[in-house]
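Just so you know, the sequence shown maps onto residues 12 to 390 in my numbering.
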Amino acid sequence: MGFRTDAIQKGVYADKTFNSVTTPVYMSTTYFFDGIGQPPRYDYSRSGNPTRAALEENLAALENGAGASYQCTGMAAVTTALFLFKPGDHIITGREIYGGTYRLFSAVFAQRGIEFSFVDMTKPEDIRAAVKKNTRGIWIETPSNPQLRLTDIAAVVSIAREHGILTLADNTFMSPYFQRPLDLGVDFVVHSTTKYINGHSDVVGGCVISRTAENAKTIAEITNNIGTPGSPFDAFLVLRGVKTLPFRMKAHQENALAIAEFLASHPRVKNVSYPGLPSHPQHELAKQQMSGFGGMLSFRLDLDKIDPNKFVTSLDVLLLAESLGGVESLICQPWSMTHLSMPEEARRAADIDESMFRISAGLEDPEDLIADLKQALEA
């Protein structure tokens with residue numbers, strides 16, 4: 012089926028008792044056996060739940076995966092994926108990744124014997140040079156958070172296959188509507204479903220989607236063992252939100268492009284990073300591996316001409332807040348917000364500073380968003 016049809020119908024007709032057109036919320040923690048040695052399909056909700064299973068079927072279909080595991084948060088999804096590795100393994104990832112992911116890698120898993128190399132993921136040659144005998148994984152975040160830099164997914168997959176290395180891609184910024192890393196050979200895709208997939212800023216969640224059935228089984232076992240699955244009600248909310256994903260993503264992209272073009276022409280803005288702009292240094296790569304450019308952009312203020320705090324406090328429509336992917340437009344300063352958990356030297360190395368701001372373009376009228384930014388820049 013087409014993407015819109017799958018988003019609306021995959022996994023949702025799971026109940027035949029009353030012919031409900033939406034998947035019911037199965038809140039039961041346990042399910043009775045018909046007899047000794049005769050378990051039902053679901054026996055305990057940590058191990059499996061009908062509502063969660065419906066969402067997992069939906070998400071696997073949208074990413075063209077063999078299976079998905081729904082997690083209680085986006086960081087739980089990252090954690091679950093990292094349990095594929097053991098002490099002594101080496102993972103290559105980007106200098107510029109989400110601050111929470113960086114913190115998890117450096118402050119938690121690195122302390123438990125997993126080695127990380129943080130490199131410039133825009134350069135395949137740097138990734139290749141970082142490969143060691145004990146390299147077992149490459150973590151891809153593309154576009155990167157917050158600067159919207161791209162990793163050449165096909166090139167990374169080629170390097171990984173030469174050395175028998177697993178590839179994992181955080182696809183949160185694009186959603187499966189605009190990018191499908193599994194189709195390019197990646198082994199696992201991770202999402203914070205809190206963001207675009209749910210799309211309404213009212214539930215946290217995550218998922219890990221696997222390219223092969225064997226890997227999907229492994230992730231399901233890890234999820235059950237470490238106890239990270241999402242709740243039935245949260246799964247219900249995400250399954251509701253994902254039905255409008257293709258329509259929302261088009262509108263997010265329309266607004267992001269309009270904002271990017273406006274900011275690029277403003278004298279108090281030094282530069283804008285949005286893959287949909289021809290000025291983006293990887294615009295051609297974006298057209299190759301993505302079917303759209305998404306709703307995220309970043310820009311740098313000229314701090315000689317503008318007070319950044321005065322700018323954000325003058326905004327009326329855009330909200331100063333973390334997170335992204337909801338129907339409302341959000342703006343944040345990664346330096347002091349989403350990436351504050353990174354040490355200062357790591358932020359500087361990733362070219363993140365006080366002048367940079369990130370926008371998640373919502374679904375408001377673009378004219379109102381641009382007018383709001385204009386008056387705040389002039390305030």
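Don't be surprised by glycine CBs; every beta carbon is placed ideally from N, CA and C.
Which residue comes first and which comes last in the alpha helix (DSSP H) that contains residue i?
i: M307; result: Here M307 belongs to no alpha helix (DSSP H); instead the beta strand (DSSP E) covers 307 to 312.
i: T90; result: 85 to 93
i: L274; result: 256 to 275
i: R358; result: 355 to 360
i: N69; result: 61 to 73
i: D379; result: 377 to 389
i: G110; result: 110 to 114
i: L296; result: 294 to 300
i: G217; result: Where G217 is concerned, there is no enclosing alpha helix (DSSP H), although the beta strand (DSSP E) it sits in stretches over 217 to 221.
Between the alpha carbons of residue i and residue j, how many angstroms are there, rounded?
i: Y404; j: T62; result: There is no way to answer for residue 404, as the model of the chain reaches only from 12 to 390.
i: F14; j: D198; result: 21 Å
i: K143; j: D100; result: 10 Å
i: S340; j: S371; result: 6 Å
i: L73; j: I381; result: 32 Å
i: S31; j: Y24; result: 7 Å
i: I342; j: L329; result: 6 Å
i: P257; j: Y188; result: 6 Å
i: F129; j: N145; result: 15 Å
i: M307; j: R57; result: 34 Å
i: N69; j: D26; result: 15 Å
i: K254; j: L268; result: 24 Å
i: G238; j: S212; result: 24 Å
If you follow the beta strand (DSSP E) that residue i is in, where does it begin and where does it stop?
i: F199; result: 199 to 202
i: E152; result: 146 to 152
i: A180; result: 177 to 181
i: Y81; result: 78 to 82
Please name the residue in the options whose C-alpha comes closest to that of residue i.
i: F310; options: P157, P187, G241; result: P157
i: L384; options: T178, F43, A271, I208; result: A271
i: E356; options: Y42, Y113, A231, G196; result: Y113
i: M108; options: G124, M86, F258; result: The identity of residue 108 in the sequence shown is Ile, whereas the question assumes Met. Of G124, M86, F258, the residue nearest in Cα terms is M86.
i: F184; options: E67, I220, S334; result: S334
i: S203; options: N266, A92, A88; result: A88
i: G124; options: A71, G105, G111, K97; result: K97
i: Q20; options: T34, K27, I230; result: T34
Taking 7 Å as the cut-off, is the C-beta of residue i nearer than that to any heavy atom in the ligand NAD?
i: S58; result: Ligands displayed in this structure: none; no statement on the ligand NAD is therefore possible.
Buried or exposed for residue i, please, with buried defined as at least 16 other CB atoms from any protein chain shown within 10 angstroms of its CB.
i: A65; result: buried
i: P354; result: exposed
Item to complete: Could you tell me whether the region 148 to 162 touches the region 269 to 278, using the rule of 3 or more Cβ pairs below 8 Å?
Response: no
Worksheet item: Okay, do the region 238 to 252 and the region 319 to 334 touch, 3+ Cβ pairs below 8 Å being the bar?
Response: no
Worksheet item: Would you call the region 165 to 174 and the region 44 to 54 in contact, with 3 or more CB pairs under 8 Å?
Response: no
Discussion item. I'd like to know if the region 258 to 271 and the region 361 to 377 are in contact, where contact means that at least 3 CB-CB pairs between them fall below 8 Å.
Written reply: yes
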